[in-house]
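Written out below as structure tokens is the structure these notes cover.
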Amino acid sequence: IVDKFFYKDKYDYQKTLRELSSSLNSITDINTGSTLIVNILTERFNLDGACLFTTSEQEECTLIAATGSFNEEERQHDLKALLSNHNTRIIFPNSAILVNPNVEFLIPLVADGKEIGYICLSPKATKQRYSSDDLFLIQGLAPVVAISLRSWLLIADDIAKRKRSEERLRQAAEEWQITFDSIPMPVTLQSKDFKIIRFNKAYADLFSISLNEVMDNPCYKIVHQSDNPIPNCPHLKMLDTDREATIEIHHELLDKYFEITVSPIKNSSDEITGSVHIMRDITQVKKAEEEKRLLQEKAEISSRLASVGEMAAGIAHEINNPLTGVIGFSDMLMERELPQDMREQVEIIADGSRRVADIVKRLLTFARQHKPVRAMVNINDLIANTLNMRIYVLKTNNINVITEYDETLPLITIDPGQIQQVFLNLIVNAEYSMKKRDRLGELKITTKKINDKIIISFRDNGLGISEENMKRLFQPFFTTKPVGEGTGLGLSLSRSIITEHSGIISAESELNEGATFRIELPVINDSNLYEYTEPALPKENQISSKRINILVIDDEMSIRQFVKSTLNSSEYYVDTISNPYDALQKINDRNYDIIIIDIRMPDMSGQELFEKIVNDKPYLSKNILMTTGDSANIEVKNFLQKYKLHFISKPFDHKTLENKIREILG
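With my numbering applied, the sequence shown corresponds to residues 3 to 668, in that order.
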């Protein structure tokens, strides 16, 4: 009653406790609640300061909230000193153990029988004493604050534990991602419906994708740019078999080979919930396997070629000798007036024998590949000369030839004979392809210079080439033509020739869309080489009126008879002989203007015979014409080049022989 009389500011302490209790019940944060408590106490009691701190079993003090004179960090140390210098936990005014003059009250906060903290109150700013109502409020406040503080500490502890758990989870996730990204192979985790859930850095780098691009997209759309799973999809295979599946694929967009292994992810009920996809780049392995396969294939081809070479060398002479007679006499017959049915039969004989001769020539050329003989050549002229050889056939087969030449092309250093052989092969192949279609044929030949290369292309509108055949196009002995119409050596030989010239030959085609063959040759100029021109045929009037004496030395009777039948006339007198030793005697007995010698004979080789002849009569070396059925033999070539001899390859026809005779006679 006395207090109420003297204190004019009446406080409803019960109401204050109820309001404070209600406010504290709605607060879950220890800092917010503690700050509210010290602020209310400071304001209600008009204090210099107030603070609230917690204690632990280890007697560590933690300042939670403070106002006024307690709102300094160093006060925390004073609180520890204060606790260590009192014997009772409830301190009232005028207590003998109150050693800190700045503290009026030290109120313990007890919950579940344990002191969990303290409230410190300073003296009032007005220097007045605390009233009995003040003490009533303080005593009523302590258990309310203690209960709230205990709740806040539990919440804070839960939050701290949760944060520690979250931090551990975050660290674990980070470590997992670092580990995941450290895997050098592209790896993904996927759902059953193909959705990519996680992917590592190798996967992102491989496909240059981000998380946003992957979300809600199936793997086949990301990897294969497809709207549906690929054939033989390993994910589908895994779902069907309930076990790991592995396949190899060629990724066309990346031009890489991958081995993809898909392993199931199962839950505790052994049900598949997703899968792990691991991609292993096996491009280098595939390249090594392909190189090994090519080496094996090359070894097999070399073995076959060696056999072909031995066979060709052995039989070329035997085949070409009789072929010379067959071709020669059939050509002579066709120049006569023959009944139509007989003419057709002779034409069949001539065409068939020429085809056999061409096959033997290709076999010999392929089996005895040699270094090119270089000359400086105008490519446009060489193509034009090659076309002239086939112009009649092209016209009769309704094939229109379009040429687009770059007239500014420089001369390049090539073997004109070999490159012309390539051109001729491509033209003949185009003819064959276009003849098989029921429409007008068109062969377009273009030349142009790009940087330091000359590009020649042959484009036709023929049958085209299937994708499967494109892979084997340049392999020896591979042909798409029926038996009897192709040897499978033309394109393989062409590639060998172009490669020998440091060039590239390639093909582009689709079935029923024609084909384009492209040749790249480097521009190489060598001023020390001669400029190649097509040899001019000797004219009739270049032969003198004097009768020319010719000696034919050949062990093949049909050739001797053919040459004699062809050349015996008012212009020529022809002797024939089979034995080289008898030939030497004839040469000693009679003067011959031209001597025709077969290089390969049983008793004495043509080389030996030549050397014996020029040993006695050196002036005859310019008038000797050598013949052989094995024109690709390197020893024969070296022999002919050594003595710069005139040469004609078997089989030959009467026109070729006559032209060669005129060339020798000048």
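Glycine residues also receive a C-beta, built at the ideal position from the N, C-alpha and C atoms.
- Between I121 and L143, the C-beta spacing is below 9 Å.
- By the Cβ-count criterion, K438 is exposed, with fewer than 16 other Cβ atoms from all chains shown falling within 10 Å of its own Cβ.
- Listed in chain order, the beta strand (DSSP E) elements of length 3 or more contained wholly in the segment 180-249 are 189-193, 198-201.
- Apart from the 5 residues on each side of it in sequence, S71 sits with its Cβ closer than 7 Å to the Cβ of D50, G51, N104, S124 in its chain, given in chain order.
- Each of S23, I429, E292, I589 was checked against the Cα of V147, and the nearest Cα belongs to S23.
- With contacts defined by Cβ atoms closer than 9 Å, V379 and I414 form a contacting pair.
- Counting only runs that start and end inside the segment 24-73, the alpha helix (DSSP H) elements of at least 4 residues fall at 32-47.
- The beta carbon of E273 sits closer than 6 Å to no other beta carbon from its chain once the five residues preceding and following it are set aside.
- For I404, the uninterrupted beta strand (DSSP E) run begins and ends at 401-406, by DSSP.
- Comparing alpha carbon positions, the residue from N453, I280, M559, N635 closest to P186 is I280.
- DSSP lists no bridge partner for A359.
- For K129, the secondary structure class from DSSP, reduced to helix, strand or coil, is coil.
- Sixteen is the threshold: since fewer than 16 other Cβ atoms of the shown chains lie within 10 Å of the Cβ of E409, the residue is exposed.
- Burial state of I500 is buried, judged by a 10 Å Cβ sphere holding 16 or more other Cβ atoms.
- Our two residues, R164 and A158, have alpha carbons roughly 10 Å apart in a direct line.
- Annotation for I249: N234, P236, I262 place their beta carbon closer than 6 Å to its own, counting only its chain and skipping 5 residues before and after.
- Under the 10 Å beta carbon count, E337 is surrounded by fewer than 16 other beta carbons and is classified as exposed.
- If you look at G419, you'll find it isn't in any beta strand (DSSP E); it sits in the alpha helix (DSSP H) that goes 418-437.
- Closest by C-alpha distance to E613, out of L642, V348, G327, D591, is L642.
- An exposed status is given to S184, since fewer than 16 other beta-carbon atoms sit within 10 Å of its beta-carbon.
- Nearest neighbour of L389 by Cα position, chosen from V348, N427, Y574, T243, turns out to be N427.
- Among the bridge pairs identified by DSSP, E117 is matched with V112.
- DSSP, reduced to helix, strand and coil, places M281 within a strand of the structure shown.
- According to the DSSP secondary-structure assignment, Y621 is paired through a beta bridge with no residue.
- Between the segment 583-602 and the segment 549-567, the count of Cβ pairs shorter than 8 Å is three or higher; the stretches touch.
- Rounded to the nearest whole angstrom, the CA to CA distance from T57 to Y132 is 26 Å.
- Going by beta carbons, I526 and S504 fall inside the 9 Å limit.
- The continuous alpha helix (DSSP H) containing Y645 extends over residues 636-645.
- A straight line joining the alpha-carbon of D577 with that of T568 spans about 12 Å.
- DSSP places Y583 within a helical segment (H, G or I) once states are collapsed to three.
- Under the three-state reduction of DSSP output, P524 falls in the strand class.
- Membership of F260 in the beta strand (DSSP E) is indicated by the continuous run 258-268.
- If you check the CB distance, T518 and R461 come in under 9 Å.
- Residue pairing by DSSP leaves H503 without any beta bridge partner.
- Here S623 has V616, Y645 as same chain residues with Cβ atoms under 7 Å from its own Cβ, once five neighbours each way along the sequence are excluded.
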